[in-house]
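Numbering (this note's numbering), first residue to last: 1 to 196.
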């Protein structure tokens, strides 16, 4: 049964900038879904991710703000030093609670809150990284009926994060894919918004 998709969440750590540079520039200006990203960055210095990707993609790119209403066709990056959460009214909230898996922002925190907010209408993507952050959150997305995608560990710059996801998740609703395959699946939402 097809499920309507309403948002994409992506988590990455070591090697994540290169992986995102393979994915985001290939999404057209008309891409309909919001894309919410946690990439582990140092918490004690500014993040230049939104500036970096503004020049690489046709979509609107920005750092997520407190109480901001999530808009379609926009790429949001979590600000450094804050957990990024999706509220049930589809706004963002920022938190400085303790790090999760040694990380703030934490992929798990984003994925778990987005799963509660979007339920079966969420696509979760776990990419390259050097710790296990994101695996539990992706499992929550799967349990909520959303679509879980994991970068094939054999194609990741750092295998630890996608391997943790593969070890924790199981079943037919898990897609283990190359970056090119991830892009092709995401592009299926250019004209419609059904999860295959």
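Don't be surprised by glycine CBs; every beta carbon is placed ideally from N, CA and C.
Exercise for review: In angstroms with no decimal places, state the Cα-to-Cα distance between residue 116 and residue 189.
Suggested key: 22 Å
Point to revise | Closer than 7 Å: residue 112 CB and nearest the ligand NAD heavy atom | key: Among the components of this structure there are no ligands whatsoever, and the ligand NAD is therefore not found.
Exercise for review: Could you check how far apart the C-beta atoms of residue 128 and residue 157 are, in whole angstroms? I think they sit under 8 Å.
Suggested key: 5 Å
Practice item. Tell me whether residue 109 sits in a helix, a strand or coil according to DSSP, three-state version. Key: helix
Check your understanding: In or out: residue 46 buried (at least 16 other Cβ within 10 Å) or exposed?
Key -> exposed
Check your understanding: Would residue 114 pass as a contact of residue 122 if the rule is Cβ separation under 8 Å?
Key -> The answer is yes: Cβ separation under 8 Å.
Practice item. Please confirm if the segment 11-24 is in contact with the segment 33-47, defined as three or more CB-CB distances below 8 Å between the two stretches. Key: Taking 8 Å as the limit for Cβ pairs, the verdict is that the segment 33-47 does touch the segment 11-24.
Exercise for review: Helix, strand or coil for residue 71, going by three-state DSSP, please let me know.
Suggested key: coil
Review point. By Cβ distance below 7 Å, which residues in the same chain neighbour residue 155 in space, the five residues on each side in sequence not counted?
Key: In the same chain as residue 155, and ignoring 5 residues on each side of it, the C-beta atoms closer than 7 Å to its own belong to 178 and 179, in chain order.
Check your understanding: Whose C-alpha, out of 147, 75, 68 and 7, is nearest the C-alpha of residue 26?
Key -> Nearest in C-alpha terms to residue 26, of all of 147, 75, 68 and 7, is 75.
Practice item. Count the CB pairs spanning the segment 58-72 and the segment 81-93 that are closer than 8 Å, and state whether there are at least three. Key: yes
Practice item. Report all residues from its chain with a CB closer than 8 Å to the CB of residue 20; omit the five preceding and five following residues, and keep chain order. Key: 10, 12, 37, 39, 53 and 127
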